[in-house]
Amino acid sequence: MNSRSISKPKIQNEISSLHIKHRRKSMMKEQEMAETQLTCKIAKILDEAKASIATHQRKLKELSAVRSKCSSVHQFSVAFTKTLTPLFQALKRTATVERVVRFVSAFSSARDHNDASASDEFLEEFLKFLLVGATAANKTVRFRACQIISEIILRLPDDSEVSDELWDEVIELMKFRVVDKVPLIRTLAVRAFSRFVNDSENTDILDVFLEVLPLEQNSEVRKTIVLSFPPSNTTSQVIIDCTMDVSESVRKAAYCVIANKFPLQSLSIKHRTTILQRGLADRSVAVSKECLKLMIDQWLAKCCNGDHVKLLKYLDVETYESVGESVMESLLKAGLVKLQKLESIQQFILRASTNEIKEGDSVDYSVSIKLMEPEVSLYWRMVCKHLQMEAQGKGSDAAATMGTEAAIYAAEASDNNDLLDRILPETVSDYIDLVKAHINAGGSGVNYHFASRQLLLLGEMLDFSDATIRKIASSFVQDLLHKPLEHEVDDEGNKVVIGDGINLGGNRDWAIAVARLARKVHSAAGEFEEVILGIVQELAGPCRERTADFIQWMHCLAVTGLLLENAKSFHWTVELTELLQSLLLPGAKHVHLDVQRVSVRCLGLFGLLENKPSEELVKQLRISYVKGPSQISSVACKALFDIGMWHGPQEVDRSLRLDFSSQIEEDTLPSSPVNFTDTDGDLDIKLVDLLYAGFATKNWGKALENDDSESVQAVLGEGFAKILLLLSEKYPSIPTSFHPLLLSKLISLYFSNESKDLRLKQCLSVFFEHYASLSENHKKCLSKAFIPVMRSMWPGIDDNSGGSTYMISSMRKRAIQASRFMLQMMQTPLYAKETEQEDDNGCKVSPEIIDGSAQPSVEYGEEGLAIRIAIEVLRFQAKKTSAEKSYVAALCRILASLHFRSSEQGPVKIMRRLLSSVCECVLVEKDLLKELKQMAERLKGLDTNPDLDLLEDEAKYIFGKLDLEFNMDFDGSTEVPQTPAPCSTRPNRLRRRVRREEVSSDEENSPDHAKSVAPTNPGTIGPRSQRASKTAALSKITSSRAVRIQEGFDEDNDEDSDVTSEDSHESDQLTE
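Here it is in structure tokens:
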């Protein structure tokens, strides 16, 4: 009975457990079926959403309903992320994939107001899922996760509830992705940051942008960063700097950001003018149109209410006149300047009836003339200039066509002329009164000098054909030329000239305006020169009598310079010779330095007009160059270069009765340098030698404060650069041995740390860009100059003082930079010679690059340079100093970069023999020796007859062509020596001694054996210190870890290369 009672509850328990298991099984089955159904529903919605964007709104509601019907948000999130897994494996950015990404981002960022908590909870879980994907090693997964994150952030409404901890995780992760190796991922990270960068609390994001932008190589990433910048004082300069980016899209984006985020008033005048100056002159039409759109739509329309003069006021046209001219030209060409009927220059000329001036009263110009502001004067000058050019252009078109078309062009030209006549003053007298009123208004406290010059330029558009009108205008021109230079008195009672002290009116632009007006008034042949010469003779009277002060001297010389600079047809007369003797030469010896400077400038202009340079003129220029102060020597140096290039250096030397014809064949230079301090400039040396000696002279002195004149070194560099371009064609009298010296001096000057003249740097950069490609002789000259440049720049070579360690390092870096620069010039292909053939349109064909078959011979090519470098290295075969070791290593690195041609078998064989000796000089440098061995292998492959030895006569012939003297060993081997094993200075390890002791116990007690195992270097005896042992152990651990990390990177790179094998533009962007 008891057994039965016991077994019955047991059976019941088993039955109940079976029911529970069955119920659990059925529940799991039902759960799996529900998950499967949920996944299918989500997949169906996504499939329908990828077909068209038009269905997205409806499908968003359906997917939101599916989420609301789920028992929990977590269940829906799991099914949703599981369904999206194939999306993270799709590499190509097809249209269907992009629609799905857009739909998923819109759903995740949308907030259901009926169930806002569920939307926020799903967003947090989905973002956590995406953060995991954004840290994946696979670049495709990483890209897709960052893409969806950026889309969600940009779409997310402001009322979304996301925890601060999650946002911090997103921001920190995006900071890593900004420096990702894939450019497209970096772009998406920047887009994600664009939502946060405007927040004042996230200043670290802006710092990341400012740090990454200068280092970014991809233009699309730079463009995205620029578009993401917020408006601030910090970012304004950075964005303006991007208007000079090499990428067109980045420059265009910069102007777009300026237009949308920076009002005109928020920018400084310097920034405004810089933006317009770069944008309107940009080489890309798209960028210039974007800048024009910025100026018209934003600045002109919104900030200036369509007022052109008001826009010019924002640009400070007195300081930035060229920018104002570019702005007006762009507006006029776009047809945006519409003149009203009553608008003209005549409205500034008030009539007597307007001011109620009675008969007999004198006219007060300050009352009868309404003065113009600088912006108004520039505005009217540009409008009149545009109308005149349009009338002339339409007139030319009318003359070139016939029929109705010609009549249309003629009518348009007539309309422009009529409009121009309506704008300009009615009479020349009114025009002169207008200009005089502005000139005389300078004493009213407001400077109208700019407006006066603009009005002077309008005189070219007037008609002076009538004799009476021309007489009135001529009188006005003479008044302008007689007007003395303006000056002021300093605290010590000394007179100080206002302006540059060289040109009429103290300003070159003013002198040009006066000269153009005078040329228009006196347009007959020789009339301009005759009238100005008469004024010069009148002004020179007090100077001849020595009663003029320095201001009168400078005024007279300024008018003389205007005459000499603008003279076109000069009939040489006694007056001109007298002008030289009585004005220019005495002025060059005047006690006042400003008078000397203007006189020397006039002497240079006078020498250009002479048929042959006169002896007195050349001698005075040489004396001023040698003995004068820095500001005088620079002007004299420029004058000597101009006269030498115009007449020829040999002709200038002949003017001093110096005959150097016997020295031309010798090709020699002065044996000793010229000492300028011990001579009066009357040197019995050639002009070119005298100018070249200026490079080594350090007695020019410092220029005066606020002196804008060029330094003598800058003038010398620019002058010799011009001469080098024309040496072979224009100046055969200069010996060929002088060419490499000139070039080496220019290269040293270009890379010199002492030369800080920006204009010289720009001039030489343009010179070097074209010099090596213009002629084979230039290549030969460059090859000869390579070694002298390196020896002159390397510290410790040829007694070059180095100084501190930092100075030595800096000098070496500059020398290495110069060597690479010269190598690049040598490897630049030559331009093809210009032919006289013309195309169908009658235009000459532009120069092209010649092919490799027409490359120069050995003395002009890389082979000659390689032989020169190898011989230079072999001069240091003995024990070398540290400076010589670094010098040889630098030369060998350049040597390994040079290329030989199979057609030059002689240089190839010579180089193979030289290279074996060169390698012996750098056996310690393993990496360098490896490069030289690779070069030896290349040479071996180029040698078509390796068994045929090089003849001694052939080698001497090649050395002779290179102007080298070298005794080469023809019996030596051409094989490159092997790298010897380095001798260790460390003592033998203890375990080796133990092994030897184990082999023979007799040796253990042998004193001789104990002596034999002792190290020979006494300095290395003794055990390691504890710190040294720790350092060695840590270095081993670090090196092994670095190897493992590098292997990991290599595996990652291999994996990435497989992913990016598909052909698509988007997949290319995912590569490194």
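Just so it is clear: in the sequence shown, position 379 is 500 by my numbering, and no numbers are missing. For glycine and all other residues, C-beta sits at the position ideal for the given N, C-alpha and C.
Under 8 Å between the Cβ atoms of Gln509 and Leu541?
-> yes
With distances taken from CA atoms, which of Pro1028, Ser978, Leu1036 and Val747 is nearest Gln998?
-> Comparing Cα positions, the closest option is Leu1036.
8 Å Cβ cutoff met for Ser865 and Pro916 = No, Cβ-Cβ distance for Ser865 and Pro916 is not below 8 Å.
Glu169 to Lys249, Cα distance in whole Å?
-> 26 Å
Name the residue from Val617, Ala639, Leu606 and Ala528 whose alpha carbon lies nearest to the alpha carbon of Leu579.
-> The residue from Val617, Ala639, Leu606 and Ala528 with its alpha-carbon nearest to that of Leu579 is Ala639.
Give the straight-line distance between the Cα atoms of Ile132 and Ser138, rounded to the nearest whole angstrom.
-> 10 Å
From what residue to what residue does the beta strand (DSSP E) around Lys616 run?
-> Lys616 to Val618
Out of Ala634, Glu581, Lys459 and Ala572, which has the shortest C-alpha to C-alpha gap to Leu602?
-> Ala634
Using three-state DSSP, classify Tyr952 as helix, strand or coil.
-> strand
Look at the Cβ atom of Phe330, then the Cβ atom of Phe317, and state whether they are nearer than 8 Å.
-> no
Is it buried or exposed for Lys373, if we count other Cβ within 10 angstroms and need 16 for buried?
-> buried
Assign Val1045 to one of three DSSP states: helix, strand, or coil.
-> coil
Val716, enclosing alpha helix (DSSP H) - first and last residue = Following the DSSP letters along the chain, one finds Val716 inside the alpha helix (DSSP H) bounded by residues Leu714 to Leu730.
So what's His643 in DSSP terms, helix, strand or just coil?
-> coil
Rounded separation between Leu309 and Val299 - CA only | The alpha-carbon atoms of Leu309 and Val299 are separated by roughly 8 Å.
What are the residues that DSSP puts in a beta bridge with Leu470?
-> The displayed chain sequence assigns Ile, not Leu, to residue 470. Note: Ile470 sits in a beta bridge opposite Ile490.
Range covered by the beta strand (DSSP E) that runs through Val610 | His608 to Val610
Taking Lys165 as the reference, which of Gln468, Ile174 and Leu184 has the closest Cα?
-> Closest option to Lys165, Cα to Cα, is Leu184.
Identify, in the order they occur along the chain, each residue of the same chain with its Cβ nearer than 7 Å to the Cβ of Leu205, setting aside the five sequence neighbours on each side.
-> Counting only Cβ-Cβ distances below 7 Å, and skipping sequence neighbours, we find Val225.
Apart from the five residues on each side of it in sequence, which residues of its chain come closer than 6 Å, Cβ to Cβ, to Gly725?
-> Ala760 and Asp763
Spatially closest choice to Tyr892 from Asp919, Phe942 and Phe872, by CA coordinates | Phe942
Is the beta carbon of Ser755 less than 8 Å from the beta carbon of Glu696?
-> no
Just checking, does the region 170-190 make contact with the region 213-221 on the three C-beta pairs under 8 Å criterion?
-> Remark: three or more beta-carbon pairs, one from each stretch, lie closer than 8 Å, so the region 170-190 and the region 213-221 are flagged as touching.
Going by beta carbon distance, what residues of the same chain come within less than 7 Å of Asp437, once the five residues before and after it are set aside?
-> So the qualifying residues of the chain are Ile390.
Please determine, among Ser1007, Leu577 and Gly708, the residue with the shortest C-alpha to C-alpha distance to Glu1046.
-> Ser1007
Exposure label - Gly838; buried when at least 16 CB within 10 Å | The residue is buried, with at least 16 neighbouring Cβ atoms inside 10 Å.
Terminal residues of the alpha helix (DSSP H) in which Trp420 lies = That residue, Trp420, is in no alpha helix (DSSP H); it is neither H nor E in DSSP.
With a threshold of 16 other CB atoms inside 10 Å of the CB of Leu460, please say whether the residue is buried or exposed.
-> By the 10 Å Cβ count, Leu460 comes out exposed.
Taking the alpha carbon of Asn628 as the point to measure from, which residue in Pro605, Lys641 and Glu650 has its own alpha carbon closest?
-> Pro605
Candidates Ala237, Ile806, Ser315 and Glu286: closest to Ser273 by CA position = First, the amino acid is wrong: residue 273 is Ile here, not Ser. Of Ala237, Ile806, Ser315 and Glu286, the residue nearest in Cα terms is Ser315.
In the structure shown, what three-state DSSP assignment does Asp630 receive?
-> helix
Specify the secondary structure class of Phe383 as computed by DSSP and reduced to three states.
-> coil
Hey, Met911 and Leu1012 are a contact pair by Cβ (cut 8 Å); roughly how many whole angstroms apart?
-> Their Cβ separation, rounded to whole angstroms, is 7 Å, which keeps Met911 and Leu1012 in contact under 8 Å.
Quick one: Cα of Leu327 to Cα of Arg276, how far?
-> 21 Å
Just how far apart, CA to CA, sit Asn898 and Arg1022?
-> 19 Å
Nearest-angstrom Cβ-Cβ length linking Gly923 and Met914, presumed shorter than 8 Å = Actually they are not in contact, since the Cβ atoms of Gly923 and Met914 sit about 11 Å apart, beyond 8 Å.
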